[in-house]
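See below for the structure under consideration.
There are 2 protein chains.
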Amino acid sequence: MKAMEKKILNEGKVFPGNILKVGSFLNHQLDTDFLMEVGREIAELYNGERIDKIVTIETSGVAVAFAAAAIMHVPVVYAKKHKSSNLSSDLYSAIVHSFTHNRDYTVYISKEYLHEGERVLIVDDFLAVGNALNGLMDIVGQAKAEVVGMAVAIEKGFQGGGDSLRAKGIRVESMAIIDEMTDTDVIFRTQSK
Amino acid sequence: MKAMEKKILNEGKVFPGNILKVGSFLNHQLDTDFLMEVGREIAELYNGERIDKIVTIETSGVAVAFAAAAIMHVPVVYAKKHKSSNLSSDLYSAIVHSFTHNRDYTVYISKEYLHEGERVLIVDDFLAVGNALNGLMDIVGQAKAEVVGMAVAIEKGFQGGGDSLRAKGIRVESMAIIDEMTDTDVIFRTQSK
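Chains as they are written, first to last, in this note's numbering: chain A, 146 to 338; chain B, 146 to 338.
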């Protein structure tokens, strides 16, 4: 998606440790019109597939997932990072390692909202080594639902998570794939669109 | 908004301690089509007001805020509950007491995304005693931006936060106001729509 590459080049900020800050449009401030465009792109890529539900993870996956779901007219279920009194006790869970925060955390989805046989699209803002997406895939599997594919806003291709998922036969669509990131430049993998 | 009252009656579950679970459509699973309807309602209520930005708080405020912002074509900024390496160090912050979790926490908004003179609509999923909304209002004030009003999906009227804000002259629009909640019934305050 050329518009995502352009947005990263115009607004993204690279920091040491391969950190790309895109808080101006993706995970602190949300550029609503742009994210609706992203949602339309995801819907178009998966046009023709039956999708019953989008699964994502709080917080920064919610806006992209919601935008795609609004176009596709399907519900979103977002995995929670904390058990709260509002969450039922009957839960699917998976352990996810966060490199950003350098710790393991557990994510939860209530069994009420994910069912056997449902066809699920997994959506997130970033794909790096793929820990969050693998955790979500694990949970979808626990529910005996089916992963139709994944869609992410930004894939850090050089961290390998996306290609490792593709090697397992999982369809992964990324609006932009970054193959190299330096202090002065961001180099994207060529994609068909 | 009659549709919200109906949704609460059909899908909400009341638990001891005045807990209303609406995870099927508002804060775990997201009923996207319904939330877009809520977004349209909020946009219509504030039609005629200049609004530059919607401010909310992660996680459960994001979907409602995003839906309203998509209709109004304005950006969302969501306050974060954790400082992460992705967050700049130049922040507005406020301390919020959570009754659900019985603790104080600090919420942050980067100074990059909130500016003097901006006209802000504050949106959230729930309004009970009003701590989260007061924290957001505090942050908007620190930025010397202006609160045009607030919009929430569900107000627990019996907890007084909404009326206390209204008494201060702040416009608060709630899609449904619950005046009484028992094990068997939810009683709504009569509103014009």
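A virtual CB, placed ideally from N, CA and C, is assigned to each residue, including glycine. The structure presented is a predicted model; accordingly, all values stated were derived computationally and were not measured.
Under the 8 angstroms criterion on CB atoms, residue 211 of chain B is classed as interfacial with respect to chain A.
The three-state secondary structure of residue 251 of chain B, taken from DSSP, is strand. Counting along the chain, the unbroken beta strand (DSSP E) around residue 198 of chain A starts and ends at 198-202. Contact between residue 224 of chain B and residue 268 of chain B does not hold, since their C-beta atoms are separated by about 11 angstroms, which reaches or exceeds 8 angstroms. For residue 187 of chain B, the uninterrupted alpha helix (DSSP H) run begins and ends at 177-190, by DSSP. Counted as a single uninterrupted DSSP element, the alpha helix (DSSP H) harbouring residue 149 of chain B occupies residues 147-156. CA-to-CA, the gap between residue 301 of chain A and residue 244 of chain B works out to about 39 angstroms. Of the other Cβ atoms in all chains shown, 16 or more fall within 10 Å of the Cβ of residue 198 of chain A; this residue is therefore buried. If you compare the alpha carbons of A:176, A:186, A:291 and A:255 with that of residue 226 of chain A, the shortest gap goes to A:255. According to DSSP, residue 272 of chain B shares a beta bridge with B:300. At a cut-off of 8 angstroms, the C-beta of residue 282 of chain A has no neighbouring C-beta in chain B. Within chain B, not a single residue places a beta-carbon under 7 angstroms from that of residue 234 of chain A; the smallest gap is close to 12 angstroms. According to the DSSP assignment, residue 323 of chain B belongs to the beta strand (DSSP E) that extends over 317-326. Looking at B:172, B:170, B:185 and B:275, the one whose alpha-carbon comes closest to that of residue 146 of chain B is B:185.
Contact residues of the segment 296-308 of chain B toward chain A are absent (C-beta to C-beta distance below 9 angstroms).
A distance of 8 angstroms or more separates the beta carbons of residue 220 of chain B and residue 213 of chain B. Taking a beta-carbon distance threshold of 8 angstroms, residue 222 of chain B counts as an interface residue toward chain A. Looking at B:318, B:275, B:298 and B:263, the one whose alpha-carbon comes closest to that of residue 292 of chain B is B:263. Across the segment 176-204 of chain B, CB contacts with chain A closer than 7 angstroms involve 176, 177, 178, 181, 203 and 204, in sequence order along the chain.
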